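Q: In the working numbering, the protein residues as written are 25 to 178.
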């Protein structure tokens, strides 16, 4: 009988957080909660402005895609014009990007997370809490209720 090889990849959601040290995840979460509570005090106009800002926020995927593609292009440019050894940069960065796509981890990820760059799910968590505060979900939630709503969903 032939033995089957099963490769299990992590789900798309939560894979970055699972590869981030708990203290960094907690700091990002605490900072988001603090923003939500502060905006609740500032009122609906501030919440609407923050929701517009969230539309522009770069998540971990976008940051990794931009930095990786920049280094791949740099390696190709330097490798074709100066020294072929620079082509290794493109290969290494391509490997990092593949690792991140499959597993959710790559060497630059811990640095990006320490800078407070959030995943799209973490950004959406803040967005949902703010919408609950503003009354977009059918009723107006208190800051504590809005935060409980988003933390129970994750």
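Ideal Cβ placement from N, Cα and C applies to all residues, glycine included.
Bear in mind that the values here come from a model prediction, so they are computed numbers and not experimental data.
Start and end of the alpha helix (DSSP H) containing residue 45?
A: As a first step, residue 45 must be located in the chain shown, where it is residue number 21. Neither: residue 45 is in no alpha helix (DSSP H) and is coded neither H nor E.
Q: Only counting the same chain, and skipping five residues up and downstream in sequence, which positions put a Cβ closer than 7 Å to that of residue 78?
A: Translated into positions along the chain shown, residue 78 becomes position 54. So the list reads 147, 150 and 151, once near-sequence residues are dropped.
Q: Am I right that residue 113 and residue 124 are in contact with their C-beta atoms under 8 Å? What's the rounded C-beta distance?
A: For the purposes of this step, residue 113 is taken as residue 89 along the chain shown, with counting starting at 1. For the purposes of this step, residue 124 is taken as residue 100 along the chain shown, with counting starting at 1. About 17 Å separates the two Cβ atoms, so there is no contact after all.
Q: First and last residue of the alpha helix (DSSP H) that includes residue 35?
A: The residue labelled residue 35 in the question sits at position 11 within the chain shown. Premise fails: residue 35 is in no alpha helix (DSSP H) and is neither H nor E.
Q: Please name the residue in 106, 97, 157 and 43 whose C-alpha comes closest to that of residue 130.
A: Within the chain shown, residue 130 is the residue found at index 106, counting from 1. Nearest option by C-alpha distance: 43.
Q: Is it the case that the Cβ atoms of residue 153 and residue 174 are separated by a distance below 8 Å?
A: For the purposes of this step, residue 153 is identified with residue 129 of the chain shown, where counting begins at 1. For the purposes of this step, residue 174 is identified with residue 150 of the chain shown, where counting begins at 1. Against a cut-off of 8 Å, the Cβ pair of residue 174 and residue 153 comes out as a contact.
Q: Going by other Cβ atoms of all chains shown within 10 Å of its Cβ, with 16 needed for buried, is residue 164 buried or exposed?
A: In the chain shown, counting from the first residue as 1, residue 164 sits at position 140. The residue in question, residue 164, is exposed, as its Cβ has fewer than 16 Cβ neighbours within 10 Å.
Q: I think residue 64 touches residue 157, with their Cβ atoms under 8 Å apart; what is that distance to the nearest whole Å?
A: Taking the chain shown and counting its residues from 1, one reaches residue 64 at position 40. Taking the chain shown and counting its residues from 1, one reaches residue 157 at position 133. Confirmed, about 5 Å.
Q: Do you know how far the Cα of residue 128 is from the Cα of residue 28?
A: Translated into positions along the chain shown, residue 28 becomes position 4. Translated into positions along the chain shown, residue 128 becomes position 104. Distance between the alpha carbons of residue 28 and residue 128: 25 Å.
Q: To the nearest angstrom, how far is the alpha carbon of residue 62 from that of residue 85?
A: Numbered from 1 along the chain shown, position 38 holds the residue referred to as residue 62. Numbered from 1 along the chain shown, position 61 holds the residue referred to as residue 85. Their Cα atoms are separated by approximately 27 Å.
Q: How would you label residue 72, buried or exposed, when you count the other beta carbons within 10 angstroms and need 16 or more for buried?
A: Here residue 72 refers to the residue found at position 48 of the chain shown. Classification for residue 72: exposed.
Q: For residue 54, count neighbouring Cβ atoms within 10 angstroms of its own Cβ and tell me buried if that reaches 16, exposed if not.
A: Taking the first residue of the chain shown as 1, we reach residue 54 at position 30. With fewer than 16 other Cβ atoms within 10 Å, it is exposed.
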